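First comes the structure, then the notes that go with it.
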Amino acid sequence: MRVLITGASGFLGSHLCDRFLADGHEVVGLDNFITGNAENIAHLTGHQSFSFVRHDISSYTYVAGSLDGVLHFASPASPIDYLKHPIPTLKVGALGTHNALGLAKAKGARFFLASTSEVYGDPLVHPQPESYWGNVNPVGPRSVYDEAKRFAEAITMAYHRFHGMDTRIVRIFNTYGPRMRPHDGRVVSNFIVQALRGEPLTLYGDGSQTRSFCYVSDEVEGIYRLFMNGDSAPTNIGNPVEYTVRQLAEMVLEATGSSAAIEHRPLPTDDPRVRRPDITRARELLGWEPSVDIRAGIALTVAYFRAHLAAAAPAPAPAS
Ligand code: UDP
151 MRVLITGASG FLGSHLCDRF LADGHEVVGL DNFITGNAEN IAHLTGHQSF
201 SFVRHDISSY TYVAGSLDGV LHFASPASPI DYLKHPIPTL KVGALGTHNA
251 LGLAKAKGAR FFLASTSEVY GDPLVHPQPE SYWGNVNPVG PRSVYDEAKR
301 FAEAITMAYH RFHGMDTRIV RIFNTYGPRM RPHDGRVVSN FIVQALRGEP
351 LTLYGDGSQT RSFCYVSDEV EGIYRLFMNG DSAPTNIGNP VEYTVRQLAE
401 MVLEATGSSA AIEHRPLPTD DPRVRRPDIT RARELLGWEP SVDIRAGIAL
451 TVAYFRAHLA AAAPAPAPAS
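Residue numbers (this note's numbering): 151 to 470.
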């Protein structure tokens, strides 16, 4: 297959490029680097099955040659990123999805949308099955991401129903692992970087809110199977083991051996109280479930950040 992956230099996009290439497919990566990182795909430079286009999918997009798949992964995805880039976030969810769908339609390609557990908002049903419609504040600060992704799902289903296109929608739950940026702002990378630097871990609110963290290799395997063998209905891909954010802080301190303090900060507006995927559908449809335990996943992520921060650290000042 020859596939286009938007957001190719991002955290998930770059792992997805690797997954397709490992199976012998050809990948065209596209990114405008608004939150992506060229380092994530530097190892693919010169790969005979990989090419890259620097472009914003929110403006008209043309890609030469045939395509069998278009996977739309471009978007700021961390709360601090989409609060910093509210309009580009709305545009890439709306106009970017429209352009990616139009391109897929013109090429006769399968379309795959990276959606999110944020479509469930601050959920009133727990855990969240795909049939739950969500509890989203349409005008709050997070709405630039949540509502853009809800629109993206709606337009994907419209292209599926109206144009008969072959489409997929994955709802991605909190995912972590190597290639997250140190200043990404998400909780796993924040805590690990803070612990490694001996800085206080910033716990928002009282830390009793929950998330269910999926290691990146599990997430990418689920996405790949959904692309290959799934159907058009939205599918949750995430790890159903739930922790409080305080428990996560403690696990990070244990994994890093850090004695950093935990410091409380205000809970961001509309921060969901709980989040946990119901993955019955993914299990039945794809025979998929996560296999990496959180402690093993944290250890792998700590190893990545240790190496990354050491490489990025300024050279020590010469002794006088
Ligand atoms: N959080 C935290 N400290 C941080 C960053 C995040 O306590 O330094 C909390 C945040 O308020 C939320 C959870 O951790 O309850 C997950 O936040 P993240 O930004 O990773 O993703 P979200 O699930 O909110 O999109």
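Glycine included, every Cβ here is placed at the ideal spot set by N, Cα and C.
Note that the structure is a prediction, hence the values are computed from the model and not measured.
Can you have a look at residue i and say buried or exposed, based on whether 16 or more other CB atoms are within 10 angstroms of its CB?
i	result
R300	buried
T195	exposed
S470	Low confidence applies here, because S470 scores a pLDDT of 44, under 50, leaving its location unreliable; read the following figure in that light. When all chains shown are included, S470 counts as exposed.
V391	exposed
D231	buried
P98	An answer regarding residue 98 cannot be provided, because it is not within the stretch 151 to 470 covered by the chain.
W438	buried
Y210	exposed
S208	buried
T306	buried
V289	exposed
Q278	buried
S145	Residue coverage of the chain in this structure runs from 151 to 470, which leaves residue 145 outside it and unanswerable.
T430	exposed
E404	exposed
S225	buried
N379	exposed
A462	exposed
A158	buried
S267	buried
A457	exposed
E369	buried
A460	exposed
L274	exposed
I155	buried
G246	buried
A250	buried
A144	The structure shown does not extend to residue 144, since the chain spans only 151 to 470, so no value can be given for it.
F312	exposed
Since I believe residue j is in contact with residue i (beta carbons under 8 Å), could you give me their beta-carbon distance rounded to a whole number of angstroms?
i	j	result
T325	L166	With a Cβ gap of about 12 Å, T325 and L166 do not count as contacting.
R318	F377	6 Å
F455	V343	6 Å
S339	R347	Not a contact, Cβ separation roughly 12 Å.
F262	L221	4 Å
N182	H205	6 Å
A244	A298	6 Å
P422	D272	4 Å
Looking at residue i: is its Cβ nearer than 9 Å to the Cβ of residue j?
i	j	result
C292	T419	Note that residue 292 corresponds to Arg in the displayed sequence, not to Cys. Yes; because the gap between Cβ atoms is below 9 Å, this pair is in contact.
V203	E176	no
P328	T451	yes
T385	V424	no
S199	G179	no
V320	G372	yes
I322	G357	no
A227	G160	yes
R336	G388	no
Y354	L417	yes
T127	R396	Examination of residue 127 is not possible in this model, given that the chain is present from 151 through 470 alone.
V151	G252	The sequence given here has Met at residue 151, not Val. No, these two residues do not count as a Cβ contact at 9 Å.
M401	R445	yes
For the candidate residues the options, whose alpha-carbon lies nearest to that of residue i?
i	options	result
D316	V424, N190 and R260	R260
E303	V294, S265 and W438	S265
A254	Y270, L233, P279 and V213	V213
A345	R321, S409 and R426	S409
Y270	R431, V395 and Y295	Y295
G314	A446, L240 and A256	A256
I448	F341, R375, L436 and P350	F341
S281	A383, D421 and T394	A383
K234	M401, H333 and A460	H333
L436	D381, A453, Y393 and A446	D381
H276	H197, D428 and G219	D428
H248	L274, H310 and M401	H310
A172	E189, N190 and H197	H197
G258	E189, G215, N287 and R433	G215
To test your reading of the DSSP string, which unbroken alpha helix (DSSP H) runs of 4 or more residues are found completely within the stretch 226-267?
Complete alpha helix (DSSP H) runs here, min 4: 229-234 and 236-257.
Ordered list of alpha helix (DSSP H) runs contained in the stretch 161-223, each at least 4 residues
Correct list: 161-172.
For a minimum of 3 consecutive residues, which ranges assigned as the beta strand (DSSP E) are wholly contained in the stretch 344-394?
With a minimum length of 3 residues, the continuous beta strand (DSSP E) runs that stay inside the stretch 344-394 are 351-354, 360-362, 385-387 and 392-394.
Please specify which runs of the beta strand (DSSP E), each continuous and at least 3 residues long, are wholly inside the stretch 405-433, giving them in chain order.
Secondary structure remark: continuous beta strand (DSSP E) runs of at least 3 residues inside the stretch 405-433, in chain order: 412-415.
Go through the stretch 310-350 residue by residue and report every complete run of the alpha helix (DSSP H) that reaches 4 residues or more, in order.
The alpha helix (DSSP H) runs of length 4 or more contained entirely in the stretch 310-350 are, from start to end of the chain, 337-347.
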